[in-house]
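First to last, the protein sequences are chains A and X.
Numbers 29 to 526, taken from this note's numbering, label the letters of the first sequence in order.
Numbers -10 to 502, taken from this note's numbering, label the letters of the second sequence in order.
Below: the structure, in structure tokens.
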Amino acid sequence: MKAYLMHADRDFDAGQEFPPGVEALASDLELNTLLNAMADGDEFLRDVASTALVCGVTDPETITYRQQVLRDCLAQPAVVRDIYEIAVRAILAEKRIWWGLMAKDPEPILRRSAQVLQLFVTALKVLRRVTDTHAGEFGSPGFRRFFAMIAEELSDDYFGIVDSHLKRLKFAGGVLVSAGLGEGNAGTGYVLRTPRDRRRGLAEVIGVGNRSAYTITISDRDEAGHAALSDLHGRGINHVANALAQSVDHILSFFRLLRTELAFYIGALNAHGRLADLGEPACFPVPVPQAEAALQATGLYDPCLALAAETAVVGNDVDTDGRPLVIITGANQGGKSTFLRSVGLAQLMMQSGMFVAATALRASVGPGVFTHYKREEDATMTSGKLDEELARMSDITGHITPGSLLLCNESFASTNEREGSQIAREIVRALLGARIRVFFVTHLHDLARGFYADPTSHALFLRAQRQPDGRRTFRLAEGEPLPTSHGQDVYQEVFGGP
Amino acid sequence: MPQAFRSVLFGDTPAPAGLDSRPEPAFFHDLNLDQVTESVTVALGDYQLKPFFYAPLDDPDAVRYRHEVFRDLDGTAVAERVTAFAAGMRRMRQHLATAQQLHHPLQQQRWFLEAVAAYCDATARLARDLDGTAVTSRGLREFRAYLAGYVRSDGFTSLAAENAELLRELSGIRYCLHIKGNRIRVRRYDAEDDYGREVLAVFEKFRQAAVKDYRIRFHAHQDMNHVEADVLRLVAKLYPDVFAAVASYCDARRGYLDDVIARFDREVQFYLGYLAYIRPIRAAGLEFCYPAVSARSRHVHASATFDLALAAKLADDGAPVVTNDFRLDGAERILVVTGPNQGGKTTLARTFGQLHHLARLGCPVPGRDAALFLCDEVFTHFEKEEDLATLSGKLRDDLVRFRGILDRATARSVIVMNEIFTSTTLDDALFLGQEMLEKIIGIGALGVCVTFLDELATLDAACVSMVATVAADNPAERTYQVVRKPADGLAYAIAIAAKYGLTYDQLRGRVRS
Chain A
29 MKAYLMHADR DFDAGQEFPP GVEALASDLE LNTLLNAMAD GDEFLRDVAS
79 TALVCGVTDP ETITYRQQVL RDCLAQPAVV RDIYEIAVRA ILAEKRIWWG
129 LMAKDPEPIL RRSAQVLQLF VTALKVLRRV TDTHAGEFGS PGFRRFFAMI
179 AEELSDDYFG IVDSHLKRLK FAGGVLVSAG LGEGNAGTGY VLRTPRDRRR
229 GLAEVIGVGN RSAYTITISD RDEAGHAALS DLHGRGINHV ANALAQSVDH
279 ILSFFRLLRT ELAFYIGALN AHGRLADLGE PACFPVPVPQ AEAALQATGL
329 YDPCLALAAE TAVVGNDVDT DGRPLVIITG ANQGGKSTFL RSVGLAQLMM
379 QSGMFVAATA LRASVGPGVF THYKREEDAT MTSGKLDEEL ARMSDITGHI
429 TPGSLLLCNE SFASTNEREG SQIAREIVRA LLGARIRVFF VTHLHDLARG
479 FYADPTSHAL FLRAQRQPDG RRTFRLAEGE PLPTSHGQDV YQEVFGGP
Chain X
-10 MPQAFRSVLF GDTPAPAGLD SRPEPAFFHD LNLDQVTESV TVALGDYQLK
40 PFFYAPLDDP DAVRYRHEVF RDLDGTAVAE RVTAFAAGMR RMRQHLATAQ
90 QLHHPLQQQR WFLEAVAAYC DATARLARDL DGTAVTSRGL REFRAYLAGY
140 VRSDGFTSLA AENAELLREL SGIRYCLHIK GNRIRVRRYD AEDDYGREVL
190 AVFEKFRQAA VKDYRIRFHA HQDMNHVEAD VLRLVAKLYP DVFAAVASYC
240 DARRGYLDDV IARFDREVQF YLGYLAYIRP IRAAGLEFCY PAVSARSRHV
290 HASATFDLAL AAKLADDGAP VVTNDFRLDG AERILVVTGP NQGGKTTLAR
340 TFGQLHHLAR LGCPVPGRDA ALFLCDEVFT HFEKEEDLAT LSGKLRDDLV
390 RFRGILDRAT ARSVIVMNEI FTSTTLDDAL FLGQEMLEKI IGIGALGVCV
440 TFLDELATLD AACVSMVATV AADNPAERTY QVVRKPADGL AYAIAIAAKY
490 GLTYDQLRGR VRS
């Protein structure tokens, strides 16, 4: 039995390795703010959400599959949270049943496993009831498959068989064990056997039947003999105890998987609720193949900014129209960094199967998102800063693959403009040649102007706007790079002016 | 009758008398050959191989006899087969030892059967394997012929066939225990179903990825408790014919082990152990060769050679090993090695000694190619670690040891001297060094002399000067290259001056006149 709510045909791997550069990515995109909204105080939700976000999927089919499941969740939040709770409670209940002292005896393993199974069976029966009541209200392929599986696998007949085994495993009539002669003629290959039929079983019990049989009776005072007897008994039930304990583990991992896969959607529900409370829009994006290099969005905003500021924020419209390079210039504090974050977050959210923070969005999938941001710290070590930047870029180029998205924010501003521009130009050209999409926020006019003047560069130029009175709109619009940025304006705004 | 065969180490020659009680030769420690021997034999303890490393050969043909066997075993095909045979023989010995420790006859008999099975298996398989394998050495060809006859003999074939049949019958026995309360009923098994499988099938639908194994590890105590022994006794009563046949076989086959095969099993480990020891060194890119070994020619040489013990350690650490060449031509007899400390001088001296001992063991030696002298004895004179309070006492001790060497050394000996007379005055050291060297030259022995005295390098036509070198651009860096060139104690000083731009030429260029 599988949950299969994240993939149509396989489990979600919550323990998968994060892609390289993920620490920088998370901090540059302020991913924590989004994760906190999804977690709503629950560390488990947070862990699953972060894995789903940074380890996104690249095929549009899986993205659509998750979007459909999430639409069901948005329509039936109470039922989905109920199922999540069933899984959580089953997992907790198992934890509370003590293992006993782990002696060299399978007996306690057998007893404990039977006890846990009893609990799990109860939980599974509840799950069946929820299925019977609500399955009809769900339309996504993911949930429809899930409910059909529950109905089929967990039939009343099946529960009857399980109950009868749980009874039989108490071994009221003793145990029947077969063995052979192994090393040094010692008994080996102990296998617990089902007595052939009731009459034979009874014959075993009362000691009649097959004439060529011999009996050993251990006297009450023979302690070593009783230890040996219990050792034989243990060898006999060892395999069954193991089978039972492993069955417990399998059912437990079913509940864990169910919990894990639902956790992503619960997280998405939480974040969706928070944004809705702020009056912010959310939409299901349209994922398109990597080759299109598309990003077409209206009202694209930074959900982390909205969540942190607890207010609706300005969105942007953008259409790269297949151009792999976007260069963003313009006024300080004009919304460039916010825009860059909104692009990165939308990419991650889309590829996790979530909604995105926009009124509409259509974008290419890609194998990875990387960030190269100017680091504010250790500003005093100017001589080492360029080294540090180059080292980070070298790291990225070691891992980035075609179709990936690279977000650069004021990269190579740690040296003079000519040098920085030259370095950046070489790098960007090489990356474009490798079919990597680059969004570059920069004050390096030499860099921006160079690409602008080059008709073969196929770049989109966006500029942070300011109104004639000098105020920022926090909106970006297409526009050629201008030689000055507007630091003076900010200065004026902060320190006041004439 | 199988063809006669004696020894894969000594051919038809009887092994040296008292071989197994030989002590470690005096020079082993100084040349670090004790480390080599220890490493070779540590995993092969039960074969008692060390005496073979202490017993040199004195006939070039006996050396070639071993070279041939080494070459046969120095590839995967033959070595793997012999190794498999050895593993079988080791299992056999373990089974016999187990049988001896046990008390229940029904158990002892089973272990004896297993021991014979391991022996028959290993022997028959080796015969089969060698039959289809190209071997060219006298040693292995003759052993193969012996083995082929042995495994065809009636004694062996019946030993194996009866053994297999008895084991087959024993392992076919199945019985059932019904345990309830304090009673165990024992009877034959009657094809009842596996209940564990039933349980697994019920919960199969929940199967996810692999899970933990909860089976308790029940230790297979080789000695049974009395309940197990009772059960076994009753199982024997359920199957009386099988157990009677086993008992009479064990009685009749006590002396099954063939002496020639047992001896081969031990002796061939000398070859396999040494080859296993040098394998990682070779993997690190270093070469070994079969030296031309002569009892007459003193024109010895080796190229790309190295200290075996040191290379084993460095290869283990993944560190690079520097190789060196040496050569004695015409009247040359002694390598006089000078140069900076820690420059590889002692290592070269050890290498020279090691190669000559390994050569007379018939082993492949470190180096790309080599010609070595089949010496009668190796002597070493290394400075003793313990530093006596009085210098005169130490000097005396040194000379006494020297005297002992000179008394025993012959024109066929190899003498290795390392940093002698360092704790005396320069004049004394020079005087004594020249005296000692002249005596050795007088005897006509081959040798190496590591010294700080440049003068010794030109003492006599028998001396060859070799110098440990440093990197030209950084005199602090040792190259561990020891090359044949005139001794020049000033070279190091000039190099270190160059680093600071203070040579004559540099100063002329920099300082404006």
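Here a beta-carbon is modelled for each residue, glycine too, at the ideal position from N, C-alpha and C.
Are residue i and residue j close, meaning C-beta to C-beta below 8 Å?
i                      : j                      : result
residue 419 of chain A : residue 309 of chain A : no
residue 504 of chain A : residue 367 of chain A : yes
residue 281 of chain A : residue 197 of chain X : yes
residue 174 of chain A : residue 73 of chain A  : no
residue 265 of chain A : residue 145 of chain A : no
residue 360 of chain X : residue 288 of chain X : yes
residue 289 of chain A : residue 392 of chain A : no
residue 323 of chain A : residue 460 of chain A : no
residue 95 of chain A  : residue 312 of chain A : yes
residue 308 of chain X : residue 266 of chain X : no
residue 117 of chain A : residue 127 of chain A : no
Within 10 angstroms of its Cβ, does residue i collect 16 or more other Cβ (buried), or is it exposed?
i                      : result
residue 442 of chain X : buried
residue 508 of chain A : exposed
residue 126 of chain X : buried
residue 170 of chain X : exposed
residue 160 of chain X : exposed
residue 278 of chain A : buried
residue 269 of chain X : exposed
residue 150 of chain A : exposed
residue 142 of chain X : exposed
residue 403 of chain X : buried
Please report the distance separating the alpha-carbon of residue i from that of residue j.
i                      : j                      : result
residue 495 of chain A : residue 109 of chain A : 48 Å
residue 276 of chain X : residue -5 of chain X  : 32 Å
residue 394 of chain A : residue 181 of chain X : 58 Å
residue 148 of chain X : residue 96 of chain X  : 20 Å
residue 274 of chain A : residue 156 of chain A : 23 Å
residue 191 of chain A : residue 188 of chain X : 12 Å
residue 330 of chain A : residue 318 of chain A : 23 Å
residue 439 of chain A : residue 85 of chain A  : 28 Å
residue 93 of chain X  : residue 193 of chain A : 41 Å
residue 361 of chain A : residue 427 of chain A : 31 Å
residue 45 of chain X  : residue 114 of chain X : 33 Å
residue 234 of chain X : residue 212 of chain A : 16 Å
residue -1 of chain X  : residue 99 of chain X  : 37 Å
residue 517 of chain A : residue 463 of chain A : Note that residue 517 of chain A scores 46 on pLDDT, short of 50, meaning its location in the model is unreliable and no value can be drawn from it.
residue 150 of chain X : residue 220 of chain A : 35 Å
residue 364 of chain A : residue 315 of chain A : 24 Å
Ignore the nearest five residues each way along the sequence and tell me which others in residue i's own chain have a CB closer than 6 Å to its CB.
i                      : result
residue 184 of chain X : none
residue 510 of chain A : none
residue 47 of chain A  : 396
residue 285 of chain A : 31 and 39
residue 405 of chain X : 338, 342, 369 and 437
residue 370 of chain A : 328, 329 and 330
residue 433 of chain X : 400
residue 316 of chain X : 290
Among the residues of its own chain, which have a CB less than 7 Å from the CB of residue i, if the five just before and after it don't count?
i                      : result
residue 506 of chain X : No answer is possible for residue 506 of chain X: the residues shown for chain X start at -10 and end at 502.
residue 66 of chain X  : 122
residue 378 of chain X : With a pLDDT of 46 at residue 378 of chain X, under the threshold of 50, the modelled position of this residue cannot be trusted; read the value that follows with caution. Around residue 378 of chain X: no qualifying Cβ.
Can you list, in chain order, the residues of its chain whose CB lies under 8 Å from that of residue i, leaving out five sequence neighbours each side?
i                      : result
residue 410 of chain X : 384, 387, 417, 418, 421 and 422
residue 311 of chain X : 295, 333, 468, 469 and 470
Three or more C-beta pairs below 8 Å linking the stretch 65 to 75 of chain X and the stretch 14 to 25 of chain X:
The stretch 65 to 75 of chain X makes no contact with the stretch 14 to 25 of chain X, as fewer than three CB pairs between them are under 8 Å.
Note to self: Quick test of the definition: if touching needs 3 or more C-beta pairs under 8 Å, does the stretch 477 to 497 of chain A touch the stretch 370 to 382 of chain A?
What the structure shows: No, the stretch 477 to 497 of chain A does not touch the stretch 370 to 382 of chain A.
Counting Cβ pairs, one atom from each stretch, are 3 or more of them under 8 Å apart for the stretch 99 to 111 of chain X and the stretch 219 to 234 of chain X?
-> In short, these stretches do not touch, since the Cβ pair count stays below three.
Would the stretch 34 to 41 of chain X count as touching the stretch 243 to 260 of chain X if we require 3 or more Cβ pairs under 8 Å? Yes, since at least three Cβ pairs between the stretch 34 to 41 of chain X and the stretch 243 to 260 of chain X fall closer than 8 Å, the two stretches touch.
### Task
Flag this pair as touching only if the stretch 351 to 360 of chain X and the stretch 46 to 56 of chain X have three or more C-beta atom pairs under 8 Å; answer yes or no.
Short answer: they touch.
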